[in-house]
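In the working numbering, the protein residues as written are 254 to 501.
Ideal Cβ placement from N, Cα and C applies to all residues, glycine included.
These numbers were taken from a predicted model, which means no experiment stands behind them.
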């Protein structure tokens with residue numbers, strides 16, 4: 254099936270806007286993103302429009318700019334990358350890893366607020382603490398994470414699902430241009446498989462639909478079978494894949 258490059262470009266623009274890097278450099282249809290190493294998508298070079306070739310000065314520029322910040326030179330390969338991109342990466346000594354799906358779904362009608370889900374407009378210490386109790390984040394990475402979250406310009410909602418007086422699921426949604434992006438969806442390890450993440454997402458849907466969103470997207474590793482099973486049950490289907498190429 255032929256890919257809808259226009260739709261993919263729109264989703265890429267949404268993804269890059271929803272997870273902003275504190276530092277960026279633009280170069281001939283590519284953006285170099287830097288966030289002190291926290292998350293691949295905020296520390297990689299991305300095509301922002303369909304490319305026909307890799308400019309001769311692109312790879313040297315990427316290697317110089319990432320190295321001087323103490324980061325590994327990294328490219329994120331998407332369908333917007335030019336023909337021959339993979340061969341060029343291999344030729345320059347880059348290794349592929351961390352492949353993910355970008356999945357999309359329509360927001361179903363009838364999603365209602367959930368009184369057990371706390372929704373807020375900012376990532377305060379309580380939300381960050383709840384999230385970190387589910388997904389450990391090293392203290393050294395916290396300034397970068399806070400900078401990314403503070404840089405999100407679109408309407409953002411931070412959610413925490415509470416059960417028996419404790420947080421059991423958390424996540425955030427970025428609402429932009431008729432879409433809601435699902436980010437940092439997490440569940441307490443001992444509470445997984447009990448439907449908590451689904452409840453959180455449906456509460457986010459109700460909030461996003463109230464702001465005009467009709468569709469949802471997310472990014473998930475191709476090997477994360479528990480998450481993939483959940484998202485498929487919620488109606489998500491893959492639109493395209495991406496992976497990283499990193500140089501040691």
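Spanning the alpha carbons of residue 265 and residue 311 requires a straight line of approximately 20 Å. Between residue 364 and residue 321, the alpha-carbon positions lie close to 48 Å from each other. For a cut-off of 8 Å, the C-beta gap from residue 500 to residue 325 is around 6 Å, short enough to register as a contact.
According to DSSP, residue 358 shares a beta bridge with 469.
Comparing alpha-carbon positions, the option among 418, 464, 459 and 454 lying closest to residue 489 turns out to be 454. Residue 259: member of the alpha helix (DSSP H) spanning 258–271, first to last residue. When secondary structure is reduced to three states using DSSP, residue 429 falls in the strand class. Judged by DSSP secondary structure, residue 300 falls within the beta strand (DSSP E) whose first and last residues are 298–300. For residue 344, the number of other beta carbons within 10 angstroms of its own is below 16, and it is reported as exposed. Secondary structure within the region 318–399: the alpha helix (DSSP H) runs of 4 or more consecutive residues, fully enclosed, are 338–344 and 378–387 (chain order).
Following the DSSP letters along the chain, one finds residue 412 inside the beta strand (DSSP E) bounded by residues 408–416. For a cut-off of 8 Å, the C-beta gap from residue 370 to residue 456 is around 4 Å, short enough to register as a contact. Residue state for residue 276 is assigned as strand, using DSSP reduced to three classes. For the pair residue 461 and residue 372, the CB atoms are not nearer than the 8 Å cut-off. Contact between the region 468–481 and the region 313–320 is absent, with fewer than three C-beta pairs closer than 8 Å.
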